[in-house]
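Visitor: Numbering that gives the first Met the number 0 applies: residue 0 is where the sequence shown begins, and numbers increase by one.
Can you keep this structure in mind? I'll have questions shortly.
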Amino acid sequence: MAQVPSFTRSLLHPRYWLTWFGIGLLYLLVLLPYPIIYQLGTSLGRFSMYFLKRRVAIAKRNLTLCFPKMPQAEHDALVVKNFESVGMGLFETGMAWFWPNWRIERWFQISGLEHIQKAQTHHQGVLLIGLHFLTLELGARIFGIHNPGIGVYRPHDNKLMDWLQTWGRMRSNKSMLDRKDLKGMIRALKQGDIIWYAPDHDYGPRSSVFAPLFAVEQAATTTGSYLLVRMGKPAIIPFTPRRLPGGKGYELIIQPEVAHFPLNNEFEAAAFMNKVVEKEILMAPDQYMWLHRRFKTRPEGAPSLY
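And the structure:
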């Protein structure tokens, strides 16, 4: 496996002091009882809409593109709920990195572990399809408590944050791989490991095809899923970490293995995977990362959607 970042004295340099302050504050806040965290997180999210206007506009545009027939009142309510999730996502990241196992398990209901066990019984690797929900850090932590696997991530530009995020994720993972390391992922799948993989973001034109996603006919979609399934021959198992309403905790839903994944060509595979992505998003649309410019990459000559 790749060498994960380790703590060095250079991370104590004054350039990182402000980051350390933020980390320390987050650590203290997530010591609070969860009902208070829930109130703080949702309130922070609503308040953030006043100074994250560009992100609010992106979220609104994404929802309009994906659900053009959604009534305006429902659309507006979904945006507010989504930004409540943005606020909670910050606290949930701290919970995922700093809470002990017993406290995380106390607030989670889990279903579908048998689907992972079935694949492991057959000594088969698992491509765990986890999307960019705002609960993703916490969902990955609870999943790893029960089934440690290998996380796929993008190294952070801030070296302190890079170390911290890998330290936090390694609390319930065997190791971490750079998202560009397809060979490492394929090797791990062939060895029977679980690879957490997110095929839902726009990673640019390289190694992507344009496939339908909701009402957007040409959404740049990674071909990584096609290569991993074709070469690693894993069980494809989606999972969704979903926050329950009213501060009642969370549920982790592990779905049955996806069957009939097309291996004829990259476009068919991408279109198929986008259907899996759609199904997952609809399980918790208010908790998805709509503030990301999902449709920024366009076919040559096509106008921008933003």
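Note that CB positions come from ideal geometry on N, CA and C, so glycine has one too.
If you're wondering where the values come from, they're calculated on a predicted model, not measured in any experiment.
#1: Which two residues bound the contiguous alpha helix (DSSP H) that contains ASN146?
#2: Which two residues bound the contiguous beta strand (DSSP E) that contains ARG293?
#3: Below 8 angstroms on the Cβ atoms is my guess for THR296 versus SER224; work out the distance and round it to an integer in Å.
#4: Quick one: give me the first and last residue of the alpha helix (DSSP H) that ASN81 is part of.
#5: Between PHE294 and ALA218, which are expected to be in contact by the criterion C-beta below 8 angstroms, what is the C-beta distance as a whole number of angstroms?
#6: Note down, one range per segment and in chain order, each alpha helix (DSSP H) of at least 4 residues found wholly within the segment 214-243.
#7: Which value, in whole angstroms, describes the spacing of the CA atoms of MET69 and ASP75?
#8: Pick helix, strand or coil for GLU265, following the three-state DSSP scheme.
#9: Taking just the CA atoms, how far does MET175 sit from LEU163?
#10: Can the beta-carbon of ALA234 be found less than 7 angstroms from the beta-carbon of GLN123?
#11: Apart from the five residues just before and just after SER303, which ones in its own chain have a Cβ nearer than 8 angstroms to its Cβ?
#12: Once you ignore the five residues that flank PRO154 on each side, which residues in its own chain have a CB closer than 6 angstroms to its CB?
#13: Starting from the C-beta of ARG58, find all residues in its chain whose C-beta is less than 8 angstroms away, skip the five residues before and the five after it, and write them out in chain order.
#14: Put TYR152 into one of helix, strand or coil per three-state DSSP.
#15: In the DSSP output, which residue or residues are listed as bridge partners for GLN108?
#16: Going by beta carbon distance, what residues of the same chain come within less than 6 angstroms of LEU212, once the five residues before and after it are set aside?
#17: Given a cut-off of 7 angstroms on the beta-carbon distance, is the pair GLY148 and TRP195 in contact?
#18: Taking the CB atoms as reference points, tell me whether PRO240 and HIS114 lie closer together than 7 angstroms.
#19: First and last residue of the beta strand (DSSP E) that includes ALA210?
#20: When we look at the beta-carbon of ARG53 and count the other beta-carbons within 10 Å, is it buried (16 or more) or exposed?
#21: Less than 7 angstroms between C-beta atoms, sequence neighbours within five positions excluded: which residues of the same chain meet that for ASN172?
Guide: Taking the definition as stated:
#1: Segment: none, ASN146 is in no alpha helix (DSSP H) and carries neither H nor E.
#2: Unbroken run through ARG293: none, as it is neither H nor E.
#3: About 17 angstroms; that fails the 8 angstroms criterion.
#4: 71-97
#5: 6 angstroms
#6: 223-231
#7: 10 angstroms
#8: helix
#9: 13 angstroms
#10: yes
#11: LYS295, ARG297
#12: ASP161
#13: Note that residue 58 corresponds to Ala in the displayed sequence, not to Arg. Excluding positions up to five away in sequence, the list reads VAL78, ASN81, PHE82, TRP289, LEU290.
#14: strand
#15: GLU250
#16: ALA218, ASN273
#17: yes
#18: no
#19: 207-212
#20: exposed
#21: GLY143, PRO147, GLY148, ILE149, GLY150
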